[in-house]
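As given, the protein sequences belong to chains A and B, one line each in that order. The first sequence begins at 1 in UniProt numbering and counts up by one. The second sequence begins at 1 in UniProt numbering and counts up by one. We put the beta carbon where it would ideally sit given N, CA and C, even for glycine. Note sheet for the following structure.
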Amino acid sequence: MTVHNIYIFDRMGTLLYYQDWNRLKNSGMTKEEEAKLMYGMLFSLKSFVNKISPTDPKEGFLYYKTSKYTLHFLETPSGLKFVLNTDNHSQGVRDFLQQIYKEIFVEYVVKNPLCNLNEPIQSELFKTKLDAYVKQSSVFLTKSM
Amino acid sequence: MSRSTRFDTKKVNSELVTLTYGTLVAQMVKDLENPDDVSKQLDRIGYNMGIRLIEDYLSKTGSGRCLDLKDTADKIQTAFRMYLGVQPNVVNWSPAGDEFSFSLDSNPLTELVELPDDLKQLKYCNIICGAIRGALEMVQLDVQSWVVQDQLKGDPNTEIRVKFIRRLEDAMPAGED
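Next comes the structure, spelled out in structure tokens:
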């Protein structure tokens, strides 16, 4: 099991934070370009998924899976979007994202009055805490890299 | 890690809150002279608190989107209990169902306070209205909020009115339509 990377977007689509761990291949785009495409893709996927849903969609889009990785998506009611790419064996990633939101994002960004909420996160404290949190999680355990 | 667990359970002395808030208001009254400006500033401070408080609320309760305004009212009621330690009643629904009030029997912010005569028009608790407005704006609800009755002005309880204006639309990504 392993975590590849994380994106955090605010409600306007600004990339607040990006970090990768075991990412061996890059997309060949700049970070900004990639983030824009990622957000656009999520936005379209989300609205399309809701559109073709045969019943009331409730939570809607949760994740997608390819032969190599799984993209997990968590959107809070306030419009923050957390995206985590993992390998295909990881379990309970949605809960893990919820925990990142609760234990790291809210604690070290929202409760830090000097952290602007709609700008990319500069806080070193947040960075180290998130890094440590991801690395100690059961989802992270790298073996195959 | 200890930092996060501590936040969940720790309660703060209500008198500390009352006195801190009182000091803040008193200083603003001194600095701004005009009580209406003070009310306005309190509302803005509340708004700025609200837009952050909502994240804390959502992450702790894990609640999803509200189904209707009654749901919203219930959730704000829970928030009152979480953050102010009081349980307001939801009362006075308008016939159209787009307006309601929170009625507080006791208000921790005003526990030790008496308004002098020259500050009678000061909206001492405006910070709560601002917080409600800010928090709801973050979940795509545009509301108006104001104090209808105030124990500080001799009313039997404090009543905070909330009026639904409209639902805000989800933001589109730049360059898409």
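Are the C-beta of residue i and some C-beta of chain B separated by less than 8 Å?
i	result
S137/A	no
V106/A	yes
S90/A	no
Q98/A	yes
P77/A	yes
L45/A	no
V49/A	no
L16/A	no
Using 8 Å as the limit for Cβ to Cβ distance, is residue i near chain A?
i	result
S59/B	yes
E169/B	no
R133/B	no
V139/B	yes
What does the alpha-carbon distance come out to for the pair residue i and residue j?
i	j	result
L19/B	Q121/B	21 Å
G64/B	Y133/A	25 Å
residue 179/A	Y18/A	What is shown of chain A runs 1 to 145, which leaves residue 179/A out entirely.
I100/A	S27/A	25 Å
D142/B	N92/B	20 Å
E169/B	G13/A	14 Å
L24/A	K51/A	35 Å
N48/B	L114/A	12 Å
V139/A	V3/A	7 Å
V113/B	V109/A	34 Å
I76/B	S67/A	44 Å
P156/B	G134/B	27 Å
residue 146/A	S90/A	Residue 146/A falls outside the range modelled here, since chain A spans only 1 to 145, and no answer is possible.
D117/B	D10/A	46 Å
residue 215/B	D36/B	Since the first residue of chain B shown is 1 and the last is 177, residue 215/B is not available in this structure.
Indicate whether residue i and residue j have their beta-carbon atoms separated by less than 8 Å.
i	j	result
N112/A	N5/A	no
F73/A	V83/A	yes
residue 166/A	M1/A	This structure gives no information on residue 166/A, because the portion of chain A shown stretches from 1 to 145.
L109/B	V29/B	no
K65/A	N88/A	yes
M29/A	Y7/A	no
E159/B	S103/B	yes
request  = Flag this pair as touching only if the stretch 136-144 of chain B and the stretch 77-86 of chain B have three or more C-beta atom pairs under 8 Å; answer yes or no.
outcome  = They do not touch, by the three-pair rule.
key: Touching by the beta-carbon criterion (3+ pairs, under 8 Å), the stretch 123-130 of chain B and the stretch 55-62 of chain B   = Between the stretch 123-130 of chain B and the stretch 55-62 of chain B, the count of C-beta pairs closer than 8 Å stays below three; the two stretches do not touch.
request  = Inspect the CB distances between the stretch 86-105 of chain B and the stretch 154-164 of chain B and report whether three or more fall short of 8 Å.
outcome  = Three or more beta-carbon pairs drawn from the stretch 86-105 of chain B and the stretch 154-164 of chain B are found closer than 8 Å, and the two stretches are therefore classed as touching.
request  = Output the residue ranges of the beta strand (DSSP E) runs that lie fully inside the stretch 128-174 of chain B and measure 3 residues or longer, sorted by chain position.
outcome  = Qualifying beta strand (DSSP E) stretches, in chain order: 141-149 and 158-167.
ask   = With a cut-off of 8 Å, do at least 3 Cβ pairs link the stretch 58-76 of chain A to the stretch 118-127 of chain A?
value = Segments in contact, no.
ask   = Where are the beta strand (DSSP E) runs, 3 residues long or more, that stay fully inside the stretch 50-133 of chain A, in chain order?
value = Secondary structure remark: continuous beta strand (DSSP E) runs of at least 3 residues inside the stretch 50-133 of chain A, in chain order: 63-65, 70-75 and 81-86.
Every unbroken alpha helix (DSSP H) inside the stretch 6-77 of chain B [4 residues or more] = Qualifying alpha helix (DSSP H) stretches, in chain order: 14-32 and 35-61.
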